[in-house]
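The block underneath contains the structure these notes are about, expressed in structure tokens.
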Amino acid sequence: MLQKMKPKTKEKEPSLEQVQGRLDLLDQRLDALDTMITAIAERIMRQPVNITITCPNCGRSIDITLVGNEKIGR
């Protein structure tokens, strides 16, 4: 069964330079995500956030308000 699933063409392994390039691209993407998430968190911290949760047992609604007034530091 496993022999049927193996690809028929053998791909050569990526070189060290290719792996390093891929890691650099991944690092850049993670940095970009970190920047976006930090910007969103800072924007949220400037204004109140309302969360409404409904209890699955009794069906009552619970309102939670988060208010932040500090800027997130790095």
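Start counting the sequence shown at -12; every next residue gets the next number (the working numbering).
All residues carry an ideal CB built from backbone N, CA and C; glycine is no exception.
The structure presented is a predicted model; accordingly, all values stated were derived computationally and were not measured.
Looking at the strands, I want to know which residues DSSP matches up with residue i.
i     : result
Leu53 : Val36
Ser2  : Answer is none; Ser2 lacks a bridge partner.
Thr41 : Ser48
Please name the residue in the options whose C-alpha comes closest to that of residue i.
i     : options                       : result
Val54 : Ser48, Ile40 and Met32        : Met32
Asn37 : Glu29, Cys45, Ala28 and Ile49 : Ile49
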